[in-house]
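> Protein chains in written order, with UniProt numbering: chain H, 1 to 236; chain W, 1 to 295.
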Amino acid sequence: MNRAEPLLSVRDLNAWYGESHALHGVNLEVFKGETVTLLGRNGVGKTTTLRAIMGLIRKRTGQITFDGKDLMHLPLHRTAHAGIGYVPEERGIFATLTVDENLILPPVVADGGMSVEEIFELFPNLKERRNSQGTKLSGGEQQMLAMARMLRTGVKVLLLDEPTEGLAPVIVQRIGELLATLKKRGMTILLVEQNFRFASRIADRFYLMEHGKVMAQFPVGELPDRMNLLHDVLGV
Amino acid sequence: MTMIFGIPIQAFLGQLLVGLINGSFYAMLSLGLAIIFGLLRVINFAHGAQYMLGAFVGYLLLAHLGIGYWPALIIAPLIVGIIGIVIERLALARLYDIDPLYGLLFTFGLALVIEGIFRYYFGVSGNPYTVPPLLAGGTNLGFMFLPVYRGFVVVASLIVCLGTWLAIEKTRLGSYLRAATENPRLVQAFGVNVPLLLTLTYGLGSALAGLAGILAAPVYQVSPLMGSNLIIVVFAVVVVGGMGSILGAIVTGYMLGLAEGLTKVFYPEASNIVIFVIMAIVLLVRPAGLFGKDA
Chain H
1 MNRAEPLLSV
11 RDLNAWYGES
21 HALHGVNLEV
31 FKGETVTLLG
41 RNGVGKTTTL
51 RAIMGLIRKR
61 TGQITFDGKD
71 LMHLPLHRTA
81 HAGIGYVPEE
91 RGIFATLTVD
101 ENLILPPVVA
111 DGGMSVEEIF
121 ELFPNLKERR
131 NSQGTKLSGG
141 EQQMLAMARM
151 LRTGVKVLLL
161 DEPTEGLAPV
171 IVQRIGELLA
181 TLKKRGMTIL
191 LVEQNFRFAS
201 RIADRFYLME
211 HGKVMAQFPV
221 GELPDRMNLL
231 HDVLGV
Chain W
1 MTMIFGIPIQ
11 AFLGQLLVGL
21 INGSFYAMLS
31 LGLAIIFGLL
41 RVINFAHGAQ
51 YMLGAFVGYL
61 LLAHLGIGYW
71 PALIIAPLIV
81 GIIGIVIERL
91 ALARLYDIDP
101 LYGLLFTFGL
111 ALVIEGIFRY
121 YFGVSGNPYT
131 VPPLLAGGTN
141 LGFMFLPVYR
151 GFVVVASLIV
161 CLGTWLAIEK
171 TRLGSYLRAA
181 TENPRLVQAF
191 GVNVPLLLTL
201 TYGLGSALAG
211 LAGILAAPVY
221 QVSPLMGSNL
231 IIVVFAVVVV
241 GGMGSILGAI
251 VTGYMLGLAE
261 GLTKVFYPEA
271 SNIVIFVIMA
281 IVLLVRPAGL
291 FGKDA
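#1: Report whether the distance from the Cβ of I114 of chain W to the nearest heavy atom of the ligand NAP is below 6 Å.
#2: Would you say residue 316 of chain W faces chain H, with C-beta separation under 7 Å as the test?
#3: By Cβ distance, which residues of its chain are closer than 7 Å to L290 of chain W, with the 5 residues on each side in sequence left out?
#4: What are the residues that DSSP puts in a beta bridge with K213 of chain H?
#5: Could you give the DSSP three-state label for I36 of chain W: helix, strand or coil?
#6: Measuring CA to CA, which of W:F235, W:M3, W:L186 and W:L197 is closest to I168 of chain W?
#7: Cα separation between E269 of chain W and A236 of chain W?
#8: What are the start and end residues of the alpha helix (DSSP H) that includes T252 of chain W?
#9: Which residue's Cα is closest to the Cα of N82 of chain H: W:A189, W:Y202 and W:P287?
#10: Contact defined as beta carbons within less than 8 Å: I believe V108 of chain H pairs with G154 of chain H. What is the distance between those atoms, to the nearest angstrom?
#11: Taking 7 Å as the threshold (C-beta atoms), are T37 of chain H and F206 of chain H in contact?
#12: Counting C-beta neighbours from all protein chains within 10 Å, is the total for R11 of chain H 16 or more, i.e. buried, or is it exposed?
#13: Helix, strand or coil for N27 of chain H? Go by DSSP, reduced to three states.
#14: DSSP on H73 of chain H, reduced to helix/strand/coil?
#15: DSSP three-state label for Q173 of chain H, please.
#16: Report the rounded CA-to-CA distance for M150 of chain H versus T201 of chain W, giving the unit in angstroms.
#17: Based on Cα-Cα distance, which residue from W:I4, W:L208 and W:A27 lies nearest to M255 of chain W?
#18: On a Cα-Cα basis, can you pick out the residue from H:G113, H:L13, H:I175 and H:M209 that is closest to M72 of chain H?
#19: What residues in its chain sit with their C-beta under 6 Å from that of T181 of chain W, if we drop five residues either side in the sequence?
#20: By a C-beta neighbour count over all protein chains shown, 10 Å radius and 16 as the cutoff for buried, is A55 of chain W buried or exposed?
#21: Which same chain residues end up closer than 8 Å to V214 of chain H when comparing Cβ atoms and leaving out the 5 residues on each side of it in sequence?
#22: With DSSP run on the structure shown, which of helix, strand or coil describes M150 of chain H?
#23: Given this structure, state the Cα-to-Cα distance separating G235 of chain H from I57 of chain H, to the nearest angstrom.
#24: Just reading off the alpha helix (DSSP H) that G103 of chain W is part of, what are its end residues?
#25: Return the residues of the stretch 157-189 of chain W that lie within a Cβ-Cβ distance of less than 8 Å from chain H, sorted by chain order.
#26: Please go through the stretch 24-77 of chain W and give each complete alpha helix (DSSP H) segment of 4 or more residues, from N-terminal end onward.
#27: Assuming Q50 of chain W and S206 of chain W are in contact, meaning their beta carbons sit under 8 Å apart, how far apart are those beta carbons, in whole angstroms?
#28: Determine whether the beta carbon atoms of T199 of chain W and I35 of chain W lie at a separation below 7 Å.
#29: Under 7 Å, CB to CB, which of the residues in the stretch 192-211 of chain W have a partner in chain H?
#30: Looking at the C-beta of G134 of chain H, does it have a partner C-beta in chain W at a distance below 7 Å?
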């Protein structure tokens, strides 16, 4: 795939929660191997964008293509098989499943995923607690588990929704290292993040969202020039 | 004669056995209900009709095709399960997105229709189904006489319940089912075909009812009303066990069967209501049920 063809392309995406119109024509592109971050205040539609790409929100219009495939008409369970892994904001660890069971729950959708052993090398504390109930883990461990279980499946892109939310700085740092490792391995990442400092260390490009739309996009190199805009929009 | 609490031990153990037999059916039926409710959030009022269907499939196979008990033990649950799959695809699947009350009303109506059809063709009187020769007769255990078939029912039901529980708790498919019970949308977003899982689960729950039906055929009479007589008690079992709790449904099924049997020994007048009295007490003390998690 050449650089001109995005791996994930979203065109004029509109989405609704019931009658409430949440996305008003979102456009974004993610290229292979890139880490792209959606920035924006609470409620501007970052999570909604991820959920609409995944197909969790069915009331949507526009175009979503991934690896040349049209995702708009796929039933929810086919989206993952196209090669997209989703790590929800609430982490979605299952209480009635052990850590092991949580880890192997998502079906393998393509070759090239990690083995359970490789995953445990990356996440040694999960291995120690593999027989514990999933929700008995700490918040940080649950976040690791939510990410780890997607690495087995062979997905090409990860949609990560606020992986650092509510976690202690030392855990945030650990997650940053993990994302850097994944990136080195060629994983494509679309990240939603409130923690701007965290995002600025790992992202290649940024999309700034406001009122259900993308209002600006820029690569990490332009960050210093954009600080005034970010101050205004994010209040950071 | 040996006495226990002033009652002949034969009578005591006899009623305990009757309780255990009834408990076996309560357990199998409430297990199916709990699995269906857990994943589909549908209170399957057609469960009694599906149990009755299982018994009738066995009865009709024998009466018209000469197919005996053992093949029927496979065929009856299979047919009832397939009918369940068709019901889920055609009707229940269309009701998930609206108020759960519609699923309840639909299955309730369906039960009335199925039972009505069978009453029309077979009347309300029961039809006997003979015990298969291999399991005919009984054994004298020294302290009581045990009909072999009844012993078989208790063992078969224990195997079915234990097997189903293990399949749900220990297998990969079971982990899909447990996860989807917690958060079906997320499991589907991971790439699991949850709509298919729902269909198969309803099929499995229905098949369990069908299996209980064919097991019950030689014990009770095969009659169009056999399901509706039982299903109210089974709902009480599910409530006492805790809605959606698999283990709770199984354990409570046997427990309440035994409680009913014991009541027949000591105070027969109360035996028909003892389960409902227990239900009322449990609801007062532990509204989520004995094995349920507080919401």
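Even glycine gets a Cβ: it sits at the ideal position worked out from N, Cα and C.
Straight from the coordinates:
#1: Within the structure as shown, the ligand NAP is missing, as the structure has no ligands at all.
#2: The structure shown does not extend to residue 316 of chain W, since chain W is modelled only from 1 through 295, so no value can be given for it.
#3: In the second sequence, counting from the first residue as 1, residue 290 of chain W sits at position 290. The residues are V240, G241, G242, G248, T252 and V282.
#4: Position 213 of the first sequence, counting from 1, holds the residue named residue 213 of chain H. Paired residue(s): H:E210.
#5: Counted from its first residue, the second sequence places residue 36 of chain W at position 36. Three-state DSSP puts I36 of chain W in a helix.
#6: Position 168 of the second sequence holds residue 168 of chain W. Nearest C-alpha to I168 of chain W: W:L197.
#7: For the purposes of this step, residue 269 of chain W is taken as residue 269 along the second sequence, with counting starting at 1. For the purposes of this step, residue 236 of chain W is taken as residue 236 along the second sequence, with counting starting at 1. Taking the CA atoms as reference points, E269 of chain W sits about 19 Å from A236 of chain W.
#8: The residue labelled residue 252 of chain W in the question sits at position 252 within the second sequence. Secondary structure note for T252 of chain W: its alpha helix (DSSP H) is the uninterrupted segment I246 to F266.
#9: Within the first sequence, the letter at position 82 stands for residue 82 of chain H. In the sequence on display, residue 82 of chain H carries Ala and not Asn. Cα-wise, what sits closest to A82 of chain H is W:A189.
#10: Numbered from 1 along the first sequence, position 108 holds the residue referred to as residue 108 of chain H. Numbered from 1 along the first sequence, position 154 holds the residue referred to as residue 154 of chain H. About 6 Å separates the two Cβ atoms, so the contact holds.
#11: Here the question's residue 206 of chain H lines up with position 206 in the first sequence. Here the question's residue 37 of chain H lines up with position 37 in the first sequence. With contacts defined by Cβ atoms closer than 7 Å, F206 of chain H and T37 of chain H form a contacting pair.
#12: In the first sequence, counting from the first residue as 1, residue 11 of chain H sits at position 11. With fewer than 16 Cβ atoms within 10 Å of its Cβ, R11 of chain H is classed as exposed.
#13: Taking the first sequence and counting its residues from 1, one reaches residue 27 of chain H at position 27. DSSP places N27 of chain H in strand when its eight states are reduced to three.
#14: Taking the first sequence and counting its residues from 1, one reaches residue 73 of chain H at position 73. If DSSP states are grouped into helix, strand and coil, H73 of chain H belongs with coil.
#15: Here residue 173 of chain H is taken as the residue at index 173 of the first sequence, counted from 1. In this structure, Q173 of chain H counts as helix in the three-state DSSP scheme.
#16: Here the question's residue 150 of chain H lines up with position 150 in the first sequence. Here the question's residue 201 of chain W lines up with position 201 in the second sequence. Taking the straight line joining both Cα atoms gives about 26 Å.
#17: Counting from 1 along the second sequence, the entry for residue 255 of chain W is found at position 255. With distances taken between CA atoms, M255 of chain W lies nearest to W:A27 out of W:I4, W:L208 and W:A27.
#18: The residue given as residue 72 of chain H occupies position 72 in the first sequence. Out of H:G113, H:L13, H:I175 and H:M209, H:L13 has the C-alpha closest to the C-alpha of M72 of chain H.
#19: Residue numbering aside, residue 181 of chain W sits at position 181 when the second sequence is read from its first letter. The residues G38 and L39, in chain order, have a CB closer than 6 Å to that of T181 of chain W in the same chain once the five nearest residues on each side in sequence are set aside.
#20: If you number the second sequence from 1, residue 55 of chain W lands on position 55. If you draw a 10 Å sphere on the C-beta of A55 of chain W, you find 16 or more other C-beta atoms in it, and that means buried.
#21: Locating residue 214 of chain H in the first sequence gives position 214, where the first residue counts as 1. Sequence-distant Cβ neighbours of V214 of chain H in its own chain, meaning closer than 8 Å and more than five residues away, are V26, N27, L28, Y207 and L208.
#22: One-based indexing of the first sequence puts residue 150 of chain H at position 150. Three-state DSSP puts M150 of chain H in a helix.
#23: Counting from one through the first sequence, the residue named residue 235 of chain H turns up at place 235. Counting from one through the first sequence, the residue named residue 57 of chain H turns up at place 57. Going from the Cα of G235 of chain H to the Cα of I57 of chain H covers about 29 Å.
#24: Sequence index remark: in the second sequence, residue 103 of chain W carries index 103 (1-based). G103 of chain W -> alpha helix (DSSP H) spans P100 to F122.
#25: Correct list: R172, S175, Y176, R178, A179, T181, E182, N183, R185, L186, V187, Q188 and A189.
#26: The stretch 24-77 of chain W contains these whole alpha helix (DSSP H) runs: 47-65.
#27: Here residue 50 of chain W is taken as the residue at index 50 of the second sequence, counted from 1. Here residue 206 of chain W is taken as the residue at index 206 of the second sequence, counted from 1. Yes, they are in contact, since the Cβ atoms of Q50 of chain W and S206 of chain W sit about 5 Å apart, within 8 Å.
#28: Translated into the one-based positions of the second sequence, residue 199 of chain W becomes position 199. Translated into the one-based positions of the second sequence, residue 35 of chain W becomes position 35. No, the pair does not count as a contact, with Cβ atoms beyond the cut-off.
#29: The stretch 192-211 of chain W vs chain H, Cβ under 7 Å: V192, N193 and V194.
#30: One-based indexing of the first sequence puts residue 134 of chain H at position 134. It does not: the Cβ of G134 of chain H has no partner Cβ on chain W nearer than 7 Å.
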